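Residue numbers (the working numbering): 882 to 971.
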């Protein structure tokens, strides 16, 4: 699995797994990942995710304990600002 910062900006019809991040100064950015595998994301400020053409799971903490969300292709939602610790893409 790789972080793919350059192609992430060009991924308008999401193929990659995206995390939508709100930075400490109020600006937003996206981080995306490509290919099957597992990675420690250790990313705070996550407000949304889009699975793109991927299925798998991610571990996150919205402030009241760690949880795991299993996702299918084409899924996404806004969530309470969370810390995403690990991402797995099938």
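Glycine included, C-beta positions come from ideal geometry on N, C-alpha and C. A quick note: this is a predicted structure, and the numbers were derived from the prediction, not measured.
Name the one or two DSSP bridge partners that residue 900 has. 912 and 930
Using beta-carbon positions only, say whether residue 964 and residue 942 come within less than 8 Å of one another. yes
Leaving out five residues on either side along the sequence, give the residues of the same chain with a beta carbon under 6 Å from the beta carbon of residue 927. 900, 902, 963 and 965
Separation of residue 913 from residue 929, as counted between CA atoms: When rounded, the separation of the alpha-carbon atoms in residue 929 and residue 913 is 12 Å.
If you draw a straight line from the alpha carbon of residue 939 to that of residue 887, how long is it in whole angstroms? 22 Å
Of the choices 908, 918 and 931, whose alpha-carbon is the least far from that of residue 894? 931
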